[in-house]
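In our numbering, the protein residues as written are 9 to 326.
Glycine included, each C-beta is placed from N, C-alpha and C at the ideal position.
The structure is reproduced here in C-alpha cells:
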C-alpha cells in the first residue's frame, strides 16, 4: 500500500471516525469468533483440547481475514484498478481509530467535568474491561488516559505500521488478532486455555508497534513541550514492570509526558488486580488533563503517519 492511500485512509478516520451504521470488519471478526467458540466448547472437554481448539480458531480467523482480503482486492483489480484502490483505502480506514478514540475518551471526561459522575462511569464501562461502578474522579481519569495510551498503539500506530509493510491484508489480520485478544485473551478460568493462542499472538504482533509508540509519544511530548525527559525515564524504568510485554510502553510514555502516575489496582468482576505504577505523581489526575492527552494522541498519530509513509516508500523499493 502506498503512502497516498495510507494518507487518505488516515484522513477518512479523522473526518468520519467510526459511524455505527457503516459496515466494520471488526464486527464480523467478533461474530466469527463467538460462533467458533460455541462450536469448539461443544467438542473440546479437556484443557488441552480447549487450548488446541483456541489455536485452530485463532489461526483460522487470522488467515481467513488476511487471505480473504488479499483475494478480494485481487479480484476487484481485475475489473478496475481504481475500484481496487478505493476498496483498499476503505478497508485501511476501518483499521484506524484515532478520532473514535478521542471521542470516546472525551465523552467520559465531559460527563465528569459537568458533575455527572454516574454517566461518566457508564460511558467509561463501554471502553474498558475493569469495574467502573464505584470509580472516583482520579480513577476515571486514570482509566481514560490508560485506555487512550494503550489504544494509541493498538488502534493507531500498529495498523499504520502493518499497512506500510504488508498492506490491507496484514493490517486486517492484525486487527483480527487484536479483536480476538480483546474477546478471549484473558487469564481467567473460562479463557485461560481457549484464549491462550490469541493472547500470545497478540503479544507477538504488538512487540514492535508498542515500542514504536513509546518513541513517538516521547517525540510528540518534546514538540508539545510536555515532560519528554520524564516520558523517556518512565519508559526506560517502568514500562517493563507491567505483566503485559507491551502495554506498559505507551502507558509509561503518556504518564511521564503528562506528569501523572498510572497503574495501580483495578477491579475486574470484583477481584482486585494490581499493576505496577508508571510515572511519578507530579500532577493530580484531573479531567482538565484531557486537552493535553488529546494533543498528544493526534500528534503521535501524525508522526506515525509520517513513519508509515516512509516505510511504505521503502517497501515499494525492495
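Collapsing the DSSP output to three states places residue 279 in a strand. Look at residue 94 here: in three-state DSSP terms it is helix. If you look at residue 152, you'll find it in the alpha helix (DSSP H) that goes 145-160. Residue 266 has its alpha-carbon roughly 11 Å from the corresponding atom of residue 150. Counting of Cβ neighbours within 10 angstroms places residue 322 among the exposed residues, the total staying below 16. Selection 222, 255 and 145 evaluated against residue 207 yields 255 as nearest (Cα-Cα).
Cβ contact annotation for residue 273 (same chain, cutoff 6 Å, sequence separation greater than five): 280 and 282, in chain order. The continuous alpha helix (DSSP H) containing residue 115 extends over residues 106-121. Annotated as distal: residue 300 and residue 287, with beta-carbon spacing of 8 Å or more. Under the Cβ criterion (8 Å, minimum of three pairs), the stretch 42-52 does not count as touching the stretch 130-144. DSSP places residue 137 outside both helix and strand once states are collapsed to three, so it counts as coil. Contact check for residue 145 against residue 171 fails: the beta carbons are separated by 8 Å or more. Excluding residues up to 5 positions away in sequence, 201 lie with their Cβ nearer than 8 Å to the Cβ of residue 56 in the same chain. When rounded, the separation of the alpha-carbon atoms in residue 159 and residue 91 is 30 Å. Sequence-distant Cβ neighbours of residue 236 in its own chain, meaning closer than 7 Å and more than five residues away, are 226, 229, 230 and 265. Here residue 245 is exposed. Its C-beta has fewer than 16 other C-beta atoms within 10 Å. Looking at 31, 239 and 295, the one whose alpha-carbon comes closest to that of residue 99 is 31.
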